[in-house]
Structure formats: structure tokens, C-alpha cells
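S.K.: The numbering of the sequence shown is the numbering used here, which starts it at 1133 and goes up by one. Glycine is no exception: its CB is placed at the ideal position from the N, C-alpha and C atoms. Note that the structure is a prediction, hence the values are computed from the model and not measured. Dumping the structure here so I can ask a few things about it.
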Amino acid sequence: MAKQQEQGRKPERARKPEQTQAKPEGLRERKKRETRQRISDIATGLFLERGFDAVPIAEIAEAADVSVNTVYNYFPAKEDLFLDRSKGVVDRLSRFVRARDKGESAARAVLREFRAEVEAVSPRVGLMEGYASFMGVIENAPALRSRLWRIQQEALEDIEGTLREETGAAPDDPLPMLVGGQLAWLQGTVMGFIGREMCAGRAPAKVSREALCLLDELEEILGEKVLNYAVRTA
């Protein structure tokens, strides 16, 4: 079995994003973004200190020096204050698939991107100090656990839709659903492994090395049909 750490095998690197000219951020947009981030940061600090259920919205608003209505304008539900980056989780697999190289399949693109994140010991996959405290808040709050489950379901629906788009599959073709389910399983397995190990107090760099081996194992389990699905031809 070819392991990521075998001698002579170069680490896979993430594909560089295409250069695009972004529209300059206006003063109004910047202030809104900064206000949203400040509210989220204050709320997260309070949740980490005392628990999700113990902190009311009114206290967060007071600490952030804004009204309760302002908090709800930025965050429709209390859960959004803690899981404020859920959109990046929901569409992560789709972003990886859409950015695949010519001749690369959907699954191999996902594996490549996860390997790059894990090898970089990236906080985006939970490889950071303090992750155990973050997960502890979720574990002790039924509302957050429920929202996290919903985020996982949305991610599954999102990748299925992307695979249908990318392959032009018919509405009754089950393959986008089946392959999407496998990619969601891969993501859940990797993130679950990292979460458990980080909550056990292990060093991010050590968990990173073991997660790379896990990705190699997962690649073998997926099989050729999944690994060769949705290859980009142009």
C-alpha cells in the first residue's frame, strides 16, 4: 500500500486558484463585515467560557455594544453565532470538485485537496490548538449538535447537485447521489478522526501525519468506479 510518507513520494499540493479581479470592498461593506465578525468573536468567547445554553442573545448584544435586533440581522439563529462559517463547510466538496484539473476525477480532486490541508496542519480541518474546547461547546448543546447534523445533510445535497451539473447526469441517474454520498463519507471520516484525536489532547502535527495515512486507506476503499467518476475532459 502506497503511504503518503513513503520515501520518494512528493506531497500533493493544492491547485492554485485562478487569478480574478475582485471588486474593491466599499466602506459600508467593510463596516458590516467587521461588525459581523466582532459579534461572532464576542459570542464565541462567551460560549467557550460558559457554554452555549448559558449565554443569552441579550448578553451578547450588550457585550458587542449593539442591539438585539442587530445581532439577529446578522445571525438569524443563535446557532449561527457559533457555527458562523457553515457555508464554507456546506460547499467545500463542491468547491474542490469544480476546481479539479483536466484529467482529474471528482474523488481524486477531493483527496488531493484534503491531503494538502492536512499536510499543511490547517485549522480549516480542525488541526489547531483549542479545537477540543470548540467541540466541547457543541457536544454540550443539543441545538448545536442538531445544526451540525443539518450542515452535513446540506453538504451531501450540495455535492450531489454539483456532480449532476458537472456530468450532465439525468435526473433519475443514481450515480451523482451515490458518489456524492461516498465523498461526504470521506469528508466526515477524516473530520471525525481529526476531531476525536484533537479532543484527546494530541498534537496537531502528529494527528496530521496519521490523517494522511487514513486518507491513503480511504482512497483504496473507494474503488475505481468512484475514483474515476466525473473526470474533467476540458
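Give the range of the alpha helix (DSSP H) segment to which D1290 is assigned.
M.R.: For the purposes of this step, residue 1290 is taken as residue 158 along the sequence shown, with counting starting at 1. From DSSP, the alpha helix (DSSP H) with D1290 extends over 1274-1299.
S.K.: Taking the alpha-carbon of A1186 as reference, which of E1342, R1224, R1165, A1273 has the nearest alpha-carbon?
M.R.: Mapped onto the sequence shown, residue 1186 falls at position 54. Ranking the options by Cα distance to A1186, first place goes to A1273.
S.K.: Relative to the alpha-carbon of E1329, which residue among M1267, A1366, T1365 has its alpha-carbon at the smallest distance?
M.R.: Translated into positions along the sequence shown, residue 1329 becomes position 197. It is M1267 whose Cα lies nearest to the Cα of E1329.
S.K.: Under 8 Å, with one C-beta from each stretch per pair, do the segment 1221-1230 and the segment 1285-1295 reach the 3-pair mark?
M.R.: The segment 1221-1230 is in contact with the segment 1285-1295.
S.K.: Please classify P1336 as buried or exposed, where buried requires at least 16 other C-beta atoms within 10 Å of its C-beta.
M.R.: Along the sequence shown, one-based indexing puts residue 1336 at 204. Buried: at least 16 other Cβ atoms inside 10 Å.
S.K.: With DSSP run on the structure shown, which of helix, strand or coil describes V1187?
M.R.: Residue numbering aside, residue 1187 sits at position 55 when the sequence shown is read from its first letter. Note: V1187 maps to coil in three-state DSSP.
S.K.: Excluding five sequence neighbours on each side, which residues of the same chain lie with their C-beta closer than 7 Å to the C-beta of E1349?
M.R.: Looking up residue 1349 in the sequence shown gives position 217. Nothing meets the Cβ criterion.
S.K.: Residue range of the alpha helix (DSSP H) that E1261 falls in?
M.R.: Along the sequence shown, read from residue 1 onward, the residue named residue 1261 stands at position 129. Unbroken run through E1261: none, as it is neither H nor E.
S.K.: Give the range of the alpha helix (DSSP H) segment to which L1318 is assigned.
M.R.: Residue 1318 sits at position 186 when you count from the first residue of the sequence shown. Where L1318 is concerned, the enclosing alpha helix (DSSP H) stretches over 1307-1331.
S.K.: Please classify E1157: does DSSP put it in a helix, a strand, or coil?
M.R.: As a first step, residue 1157 is located in the sequence shown; it is residue number 25 there, counting from the start. Three-state result, E1157: coil.
S.K.: Do L1318 and R1240 have their beta-carbon atoms positioned less than 8 Å apart in this structure?
M.R.: Counted from its first residue, the sequence shown places residue 1240 at position 108. Counted from its first residue, the sequence shown places residue 1318 at position 186. No, the Cβ-Cβ distance between R1240 and L1318 is not below 8 Å.
S.K.: Provide the residue span of the alpha helix (DSSP H) that contains L1359, from first to last.
M.R.: By one-based count along the sequence shown, residue 1359 stands at place 227. Run containing L1359: 1356-1359, per the alpha helix (DSSP H) assignment.
S.K.: How many angstroms separate the CA atom of G1262 from the CA atom of D1305?
M.R.: The residue labelled residue 1262 in the question sits at position 130 within the sequence shown. The residue labelled residue 1305 in the question sits at position 173 within the sequence shown. Approximately 43 Å between the Cα atoms of the pair.
S.K.: Measuring alpha carbon to alpha carbon, tell me which of M1323, I1283, S1278, S1265 ends up nearest C1331.
M.R.: As a working note, residue 1331 is residue 199 in the sequence shown. Out of M1323, I1283, S1278, S1265, S1265 has the C-alpha closest to the C-alpha of C1331.
S.K.: Mind reading off the beta-carbon distance from R1168 to Y1206? Whole number of angstroms is fine, and I expect it under 8 Å.
M.R.: To locate residue 1168, count along the sequence shown from 1; it is residue 36. To locate residue 1206, count along the sequence shown from 1; it is residue 74. Correct: roughly 5 Å between the Cβ atoms.
S.K.: Cα separation between R1364 and V1229?
M.R.: Position 232 of the sequence shown, counted from the start, is the residue given in the question as residue 1364. Position 97 of the sequence shown, counted from the start, is the residue given in the question as residue 1229. Roughly 9 Å between the two C-alpha positions.
S.K.: Tell me which residue opens and which closes the alpha helix (DSSP H) that D1212 is part of.
M.R.: If you number the sequence shown from 1, residue 1212 lands on position 80. 1210-1214 is the extent of the alpha helix (DSSP H) around D1212.
S.K.: First and last residue of the alpha helix (DSSP H) that includes F1228?
M.R.: One-based indexing of the sequence shown puts residue 1228 at position 96. First-last of the alpha helix (DSSP H) with F1228: 1224-1230.
S.K.: Please state whether DSSP places P1149 in a helix, a strand or coil.
M.R.: Start at 1 with the first residue of the sequence shown, and residue 1149 comes out as number 17. With a pLDDT of 43 at P1149, under the threshold of 50, the modelled position of this residue cannot be trusted, and the question is left open.
S.K.: How many angstroms separate the CA atom of K1163 from the CA atom of K1210?
M.R.: As a first step, residue 1163 is located in the sequence shown; it is residue number 31 there, counting from the start. As a first step, residue 1210 is located in the sequence shown; it is residue number 78 there, counting from the start. The straight-line gap from Cα to Cα measures roughly 22 Å.
S.K.: Is the Cβ-Cβ distance between V1221 and A1343 less than 8 Å?
M.R.: Position 89 of the sequence shown, counted from the first residue, corresponds to residue 1221. Position 211 of the sequence shown, counted from the first residue, corresponds to residue 1343. No; because the gap between Cβ atoms is not below 8 Å, this pair is not in contact.
S.K.: With T1202 as the anchor, note down where its alpha helix (DSSP H) starts and where it stops.
M.R.: The residue given as residue 1202 occupies position 70 in the sequence shown. Start and end: 1200-1206.
S.K.: Compare the beta carbon distance of V1311 and A1196 with 8 Å and say whether it is the shorter of the two.
M.R.: Residue mapping note: residue 1311 aligns to position 179 of the sequence shown, counting from 1. Residue mapping note: residue 1196 aligns to position 64 of the sequence shown, counting from 1. No, the pair does not count as a contact, with Cβ atoms beyond the cut-off.
S.K.: For A1175 and K1357, what's the separation of their Cα atoms in angstroms?
M.R.: Start at 1 with the first residue of the sequence shown, and residue 1175 comes out as number 43. Start at 1 with the first residue of the sequence shown, and residue 1357 comes out as number 225. If you take the alpha carbons of A1175 and K1357, they lie about 45 Å apart.
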